[in-house]
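Student: Numbering (the numbering used here), first residue to last: 81 to 420.
Questions regarding the structure given below will be posed in turn.
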């Protein structure tokens with residue numbers, strides 16, 4: 081991504097799997113500044129901390145709400161600048177009401193000031209395990225500062241997925257198609273560390289058998305996005321499905337049945353909904369892209385048994401909720417198909 085602001089500052093952004101690389105070019109002869117706003121995000125920030133290691137390195141920890149304020153997750157980062165900076169920390173103590181929730185306890189603003197110079201590069205390595213893991217991923221994935229090389233590698237990776245579809249038509253329609261296709265590939269995302277580990281929904285660090293994926297929004301996308309992913313990135317689907325089964329098992333071991341879909345405690349990272357996971361698991365299995373069969377089926381049965389309470393099961397529906405009745409019945413149907 082590349083944009084020039086009205087101020088004349090040019091911002092260029094690219095990334096590896098775990099590390100974002102920013103390149104800022106400042107106009108004129110004045111000092112340059114980079115402002116890190118740790119007080120706001122897509123969901124309300126509950127708390128944030130920053131530690132300055134030196135003129136080029138900064139550690140960050142953010143605790144943020146899940147979607148709809150159902151619980152919380154924690155994100156860590158190691159930020160590294162290409163030039164020395166005067167880094168100042170500015171705690172924020174306020175409560176800001178938002179559409180979903182509020183920032184409760186406090187957060188942090190960080191300002192990095194640079195001597196006059198043409199440009200500065202910034203690496204931001206993210207981890208859900210800890211700041212040490214973020215630094216390991218940064219050093220392993222992006223030891224240098226060649227932004228052009230990183231951009232080319234990212235372009236090749238995207239082209240590999242997008243080129244599997246051949247769309248033709250009006251130019252704006254083609255652009256819209258490939259934009260949507262790219263958006264489909266944003267999540268679930270690979271959150272496996274450089275050491276082959278990941279943070280589970282149970283709050284424990286696990287060893288991944290291959291690659292681990294997280295960041296689900298199944299209830300919103302089970303009909304459309306995941307069938308597309310089975311064509312766009314079929315080689316990733318088995319690991320995605322195995323990750324989904326692992327996530328379900330981790331939650332089943334710790335979350336009360338009645339709170340499974342609206343849990344208000346810790347979850348490894350920002351996840352929206354897991355309802356109708358059985359439809360995705362069945363679809364992947366039928367296409368030969370699923371996780372191991374026995375483990376998949378056991379997780380599907382466990383989810384199916386959450387769908388209807390004993391009273392609802394006797395009635396055969398959820399009172400006053402035809403939408404949930406259809407949704408849960410579809411989930412049960414997928415389990416029956418898997419059994420068959």
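Beta carbons: idealized from backbone N, C-alpha and C, even for Gly.
1. Taking the Cβ atom as the reference point for each residue, do residue 156 and residue 199 lie within a distance shorter than 8 Å?
2. Quick one: what's got a C-beta closer than 6 Å to residue 92's C-beta in the same chain, skipping five residues either side?
3. Indicate the three-state DSSP secondary structure (helix, strand or coil) for residue 84 in the structure shown.
4. Return helix, strand or coil for residue 97, following the three-state DSSP convention.
5. For a quick check, are the C-beta atoms of residue 264 and residue 312 less than 8 Å apart?
6. Can you say whether residue 256 is buried or exposed, counting buried as having 16 or more other CB atoms within 10 angstroms of its CB?
7. DSSP three-state label for residue 352, please.
8. Report the three-state DSSP secondary structure of residue 407 (helix, strand or coil).
9. Report back the beta-carbon spacing between residue 273 and residue 225 to the nearest angstrom; my notes put them in contact at under 8 Å.
10. Would you kindly report the start and end of the unbroken beta strand (DSSP E) that includes residue 203?
11. Can the beta-carbon of residue 294 be found closer than 8 Å to that of residue 376?
12. Is residue 281 near residue 229, with beta carbons less than 8 Å apart?
13. Taking residue 169 as the reference, which of 158, 148, 150 and 191 has the closest Cα?
14. Taking its Cβ as the centre, do 16 or more other Cβ atoms sit within 10 Å of residue 106, making it buried, or is it exposed?
15. Count the other CB atoms within 10 Å of the CB of residue 415; is the residue buried (16 or more) or exposed (fewer)?
16. Using the beta-carbon count (16 or more within 10 Å), is residue 94 buried or exposed?
17. Following the continuous alpha helix (DSSP H) through residue 152, name the residue where it begins and the one where it ends.
18. Name the DSSP bridge partner or partners of residue 145?
19. Applying the 10 Å Cβ sphere with the 16-neighbour rule, what's the burial state of residue 236?
20. What is the rounded straight-line gap between the Cα of residue 296 and the Cα of residue 258?
21. Count the other CB atoms, across all protein chains shown, that sit within 10 Å of the CB of residue 144; report buried if there are 16 or more and exposed otherwise.
22. Out of curiosity, what's the CA-to-CA distance linking residue 215 and residue 283?
23. Rank 165, 218 and 289 by C-alpha distance to the C-alpha of residue 113 and give the top, closest one.
24. Give the C-beta separation of residue 159 and residue 125 to the nearest angstrom, bearing in mind that I take them to be a contact with Cβ-Cβ under 8 Å.
25. What distance in whole Å lies between the Cβ atoms of residue 328 and residue 371, which are believed to be in contact at a cut-off of 8 Å?
26. Using beta-carbon positions only, say whether residue 222 and residue 140 come within less than 8 Å of one another.
27. Cutting at 7 Å between CB atoms, please list the residues of its own chain near residue 150, excluding the five before and the five after it.
28. So, helix, strand or coil for residue 105, using DSSP?
29. Expressed to the nearest angstrom, what Euclidean distance is found between the alpha-carbon atoms of residue 179 and residue 123?
30. Taking only the alpha-carbon atoms, compute the straight-line gap between residue 288 and residue 298 and give it to the nearest angstrom.
31. Considering only the alpha carbon of each residue, which of 357, 335 and 254 lies closest to residue 300?
32. I think residue 110 touches residue 196, with their Cβ atoms under 8 Å apart; what is that distance to the nearest whole Å?
Tutor: According to the structure data:
1. Their beta carbons are not under 8 Å apart, which means residue 156 does not touch residue 199 by this criterion.
2. Listed in chain order, the non-local C-beta contacts of residue 92 below 6 Å within the same chain comprise 82 and 103, local neighbours out to five positions each way being set aside.
3. Residue 84: strand per DSSP, three-state reduction.
4. Reduced to three states, the DSSP call for residue 97 is coil.
5. Going by C-beta atoms, residue 264 is nearer than 8 Å to residue 312.
6. Looking at its Cβ environment, which holds fewer than 16 other Cβ atoms inside 10 Å, residue 256 is exposed.
7. Residue 352: coil per DSSP, three-state reduction.
8. The answer is helix: DSSP assigns residue 407 an H, G or I state.
9. In fact, because the Cβ distance is near 22 Å, the residues do not count as touching under 8 Å.
10. Counting along the chain, the beta strand (DSSP E) containing residue 203 begins and ends at 199-207.
11. No, Cβ-Cβ distance for residue 294 and residue 376 is not below 8 Å.
12. Against a cut-off of 8 Å, the Cβ pair of residue 229 and residue 281 comes out as no contact.
13. Ranking the options by Cα distance to residue 169, first place goes to 191.
14. Counting Cβ neighbours within 10 Å, residue 106 comes out buried, since at least 16 surround it.
15. By the neighbour-count definition (other C-beta atoms within 10 Å, threshold 16), residue 415 is a buried residue.
16. With 16 or more Cβ atoms within 10 Å of its Cβ, residue 94 is classed as buried.
17. Not the alpha helix (DSSP H): residue 152 falls in the beta strand (DSSP E), residues 152-161.
18. Looking at the DSSP assignment, residue 145 forms a beta bridge with 152.
19. Exposed, because fewer than 16 other Cβ atoms sit within 10 Å of the Cβ of residue 236.
20. In this structure, the CA atom of residue 296 is about 21 Å from the CA atom of residue 258.
21. Residue 144 should be labelled buried.
22. Going by the C-alpha atoms only, they are around 20 Å apart.
23. When only C-alpha atoms are compared, the closest one is 165.
24. The beta-carbon distance between residue 159 and residue 125, rounded to whole angstroms, is 17 Å. This is too long to meet the 8 Å contact definition.
25. Your pair residue 371 and residue 328 does not check out as a contact, with CB atoms roughly 11 Å apart and the cut at 8 Å.
26. In this structure, residue 140 does not lie closer than 8 Å to residue 222 by Cβ.
27. In the same chain as residue 150, and ignoring 5 residues on each side of it, the C-beta atoms closer than 7 Å to its own belong to 342, 343 and 344, in chain order.
28. Three-state DSSP puts residue 105 in a strand.
29. The predicted model places residue 179 with a pLDDT of 43, which falls under 50 and marks its position as unreliable; any figure quoted below should be read in that light. The alpha-carbon atoms of residue 179 and residue 123 are separated by roughly 9 Å.
30. Going by the C-alpha atoms only, they are around 22 Å apart.
31. Comparing Cα-Cα distances from residue 300 to each of 357, 335 and 254, the minimum goes to 357.
32. Confirmed, Cβ separation roughly 6 Å.
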